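Notes follow once the structure below has been shown.
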Amino acid sequence: METSNWREKMARSDRKRLLVVDDDAAMGEFVARVAEELGYLVECFTDGDSFLAALDRSDPDIILLDLTMPGTDGFQLIGALSDKGTRARIYVMSGFDPGHQRMALQLGEAKGLAMRGLIPKPVRAAALRDLLSQDGAE
C-alpha cells in the first residue's frame, strides 16, 4: 500500500489499524483482504526493517507477525516492539514448530507486550475472520 494513501486513510478514519509483516507477499495480501472486509485499515510489509519504520508513523491496534523471515526475524521484531513501547495486540503467525511459536509468545509477554495468540499457517480465512472479528470488538 502506498505510504501517502495510508496516511490519508489513517487521518480520515477511526477504523482499527492492522499491520502485517510476512516475507510471503501473498500471505500479506490474503490477510489484508480478509481484514479489510471486516473494516480494518491494513498495511503489509515483507521485511522487518520497513515494518519497524512504519511504527514510527502509525499507531496500530493489531500486529500480525511472521516468525521466520530473512533478515530481521519475528523474534528480533518482538524485541524491537518492546523497545519501542508498542501497545498493539500482537499475534504470531507461523507454519513451523509450535514450540517456537509458544517461545515467541512467552518472549513477548516477558517483555511486556500484549501477545494475544498464535495463528498457525496455512491460515484459514474463516479462522482469521473469527479472530479479527472478536479482537475488533474489544
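So for the sequence shown, the working numbering puts the first residue at 766; every next one is plus one. C-beta atoms are modelled at their ideal positions from N, C-alpha and C, and glycine is treated no differently. Note that this is a predicted model, so its numbers are computed, not measured.
Nearest C-alpha to R881 among A845, G864, D826: D826. Take A875, set aside five residues on each side of it, and no residue of its chain has a beta-carbon closer than 7 Å to its own. D812 and D787 have their alpha carbons spaced roughly 7 Å apart. The beta carbon of K886 sits closer than 7 Å to the beta carbons of M858, S859, G860 from its chain, once the five residues preceding and following it are set aside; these are given in chain order. For L829 and M792, the gap between their C-alpha atoms comes out near 11 Å. In this structure, the straight-line span from the alpha carbon of L806 to that of M868 is close to 29 Å.
Taking every protein chain shown into account, the CB of A818 has fewer than 16 other CB atoms within 10 angstroms, so this residue is exposed. Spatial neighbours of V799 in its own chain (CB-CB distance under 6 Å, excluding positions within 5 residues in sequence) are listed in chain order as A890, L893, R894. Taking a 10 Å sphere around the C-beta of A853, we find 16 or more other C-beta atoms and assign the residue as buried. Boundaries of the alpha helix (DSSP H) harbouring F795: 790 to 802, taken from the DSSP string.
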